[in-house]
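Contents: one structure, followed by commentary.
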Amino acid sequence: MSVYTHTPEHSIRQGIDSAVDTSEINYGCTDDYTMAIGNEEKRVAREADALEEEDKDPGVMYIWVVVLIGFITQFIVLGIPVACSSVVLQLSLVASIADSLLNLMSILAQFLLTKYGLRDIMFASALLCTAGLEAASFSTKPWHLIISIGVAFGTGASVFYYASTSIIPQWFGKRQGVAQGIVSSGACVGGLLLPFIMTSLNDKYDASWCLRVLGFMSFVIFTGAAFSFKQKDKKEKNSKTFKKIVDFSVLKNKNLLIWCMANSVLEAGYFVPYLFLPERHYWFHYYPRSMRLGESWQGDRIGYINVTIISCMMSSLSCFLIWTFASDFGTLLTFACLYGMTGGVFAALTPSITRITEKDKFESGYTMFLVLTAISFYGLSLAAAIESSSRLPNFLACKIFTGLSASSVD
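Residue numbering for the sequence shown follows our numbering, beginning at 3 and increasing consecutively.
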């Protein structure tokens with residue numbers, strides 16, 4: 003990278019420029035357009051070098067500790083609801099409530115974390131999550147689980163979900179995509195491994211002790227996260243009001259609203275294959291999701307929106323061209339792997355929000371993003387209603403619904 007130094011010669015040149023018609027002097031730029039392009043290239047190069055230097059800062063080595071903590075946190079936060087719904091189908095409503103609260107309660111999480119501090123709120127949330135799982139171990143009716151796991155665990159987990167995804171961009175510059183890809187993979191690994199753990203505990207003990215063990219595991223992990231998580235720019239407890247902490251002015255950003263709308267449609271159809279794929283293909287569908295580093299790495303290089311468009315196009319084509327005509331194990335396995343690798347691009351490339359809103363408004367922008375896209379959790383119910391009313395063979399209506407939703411970003 004070339005370094006510009008100010009010398010007396012430059013001062014003389016500037017004085018001549020101010021006195022003489024510069025259009026008659028050729029400094030290597032044949033016209034204003036070429037000069038503008040050159041200035042823009044220099045600006046982009048300076049920004050890229052600044053981001054690279056930010057990641058190389060020796061004082062930011064702690065960022066990888068933050069990434070590891072975020073990975074383990076999402077292993078529990080999203081892994082437990084998925085594991086419950088996959089081990090016991092009747093718990094799918096409980097998982098849906100918990101997942102929706104992860105989004106809807108993010109606005110409260112931002113307010114509490116900013117006003118009362120990171121450690122205190124996260125520790126209180128760890129107690130709430132643990133209490134929810136321990137209370138679920140004594141449940142005897144479905145509504146007990148809705149309150150204990152769906153509401154209590156979902157509300158407490160929303161704080162850790164929000165913290166693990168919003169703090170990462172503070173520490174990273176150029177490699178935000180890779181970092182966020184590692185963190186989001188924690189949910190996939192949790193959804194892949196926790197059902198096996200729960201099945202083993204159920205077989206060896208019973209469902210009550212399984213939930214108690216999960217509660218103890220959650221307490222240890224969440225408490226460790228509460229004492230380990232820290233923000234890059236240390237913030238004192240804030241006495242500002244709710245409206246000053248949560249900046250609603252980000253809703254005036256048209257690009258953010260367009261992204262939220264496209265993401266809602268995309269995510270509405272994303273979970274449909276999980277319900278209609280045979281159970282033996284379910285794990286092959288989850289394993290590729292845990293390998294999101296490729297998408298994240300490409301997002302840092304060629305742009306988050308570009309990778310999102312390419313991945314959505316591939317997942318849409320996999321629905322129309324592979325899943326629609328799948329009639330044997332090999333074809334379904336191919337679809338499960340391809341869709342698993344490309345379908346969840348929105349989770350791996352969350353840092354794209356920092357490119358849509360200003361960096362200092364990322365937390366509010368991300369909060370609004372989570373709240374506005376919470377409606378996508380009803381996509382599974384919509385797909386089931388369409389399937390039951392269409393009466394098309396081989397779940398064709400669901401396949402078309404998923405393919406169209408995946409193409410919404412394109």
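Using N, Cα and C, we set each Cβ at its ideal position, and we do this for glycine too.
Can you grab the Cα-Cα spacing for the pair residue i / residue j, in whole Å?
i: P60; j: V185; result: Because the pLDDT at P60 is just 40, under 50, the model does not fix this residue reliably, and the value given afterwards should be weighed accordingly. Near 22 Å, if we compare the C-alpha coordinates of V185 and P60.
i: G489; j: F348; result: The question about residue 489 has no answer, for the chain in this structure spans 3 to 412.
i: N396; j: L95; result: 24 Å
i: S172; j: S391; result: The amino acid at residue 172 is misidentified as Ser; the sequence shows Gln. So the alpha carbons of these two residues sit roughly 47 Å apart.
i: C400; j: M219; result: 37 Å
i: Q112; j: C262; result: 19 Å
i: I71; j: L340; result: 28 Å
i: V373; j: M107; result: 8 Å
i: L406; j: K242; result: 44 Å
i: K245; j: F73; result: 31 Å
i: F337; j: T116; result: 43 Å
i: I223; j: I65; result: 18 Å
i: L398; j: I247; result: 46 Å
i: A385; j: G271; result: 8 Å
i: D205; j: V68; result: 35 Å
i: S202; j: L213; result: 12 Å
i: T24; j: L268; result: At T24, the pLDDT of 40 sits below 50, so the modelled position is not reliable; the number obtained from the coordinates is stated separately. Those two C-alpha atoms are separated by around 53 Å.
i: S141; j: N308; result: 47 Å
i: T359; j: I260; result: 12 Å
i: G183; j: T167; result: 10 Å
i: F1; j: M200; result: A question about residue 1 goes unanswered here, because the residues of the chain that appear run from 3 up to 412.
i: S383; j: I402; result: 15 Å
i: P144; j: G152; result: 11 Å
i: N105; j: I148; result: 17 Å
i: G332; j: L114; result: 49 Å
i: E365; j: L129; result: 24 Å
i: L394; j: D330; result: 19 Å
i: H146; j: A387; result: 27 Å
i: Y207; j: F221; result: 20 Å
i: I324; j: F174; result: 38 Å
Does the separation of the CB atoms of residue i and residue j fall below 8 Å?
i: S127; j: A138; result: no
i: C413; j: G158; result: Beyond the ends of the chain as shown, which are 3 and 412, falls residue 413; an answer cannot be given.
i: L2; j: G193; result: Absent from the structure is residue 2, since the part of the chain shown begins at 3 and ends at 412.
i: Y163; j: Q76; result: yes
i: Q233; j: L120; result: yes
i: S98; j: V180; result: no
i: T375; j: N257; result: no
i: M370; j: V252; result: yes
i: G381; j: F273; result: yes
i: I82; j: L195; result: no
i: G345; j: S378; result: no
i: F155; j: A209; result: no
i: F125; j: I169; result: no
i: C314; j: T404; result: no
i: K176; j: D362; result: no
i: G217; j: E136; result: yes
Taking residue i as the reference, give the member of the options with the closest Cα.
i: N255; options: G367, L110, Y164 and G152; result: G367
i: L334; options: F231, P275, L374 and V96; result: P275
i: L351; options: I312, C321 and S329; result: I312
i: F250; options: L279, I65 and I109; result: I109
i: I123; options: S168, K143, A228 and L277; result: A228
i: A408; options: I78, K363 and L319; result: L319
i: Q178; options: G305, S410 and L147; result: G305
i: R187; options: R303, I78 and M200; result: Checking the sequence, you will find Ser at residue 187 rather than Arg. S187 has its Cα closest to that of I78, out of R303, I78 and M200.
i: F278; options: Y207, Y118 and E389; result: E389
i: Y118; options: W211, S329 and V161; result: V161
i: A85; options: F174, H146, R393 and F198; result: F198
i: T310; options: Y207, H146 and S410; result: S410
Start-end ranges of the alpha helix (DSSP H) lying completely within the region 302 to 351, minimum 4 residues: 306 to 320, 331 to 344 and 347 to 350
Continuous alpha helix (DSSP H) assignments of at least 4 residues falling wholly in the region 167 to 200: 170 to 173
Length at least 3, wholly inside the region 99 to 139: the beta strand (DSSP E) runs in chain order: none
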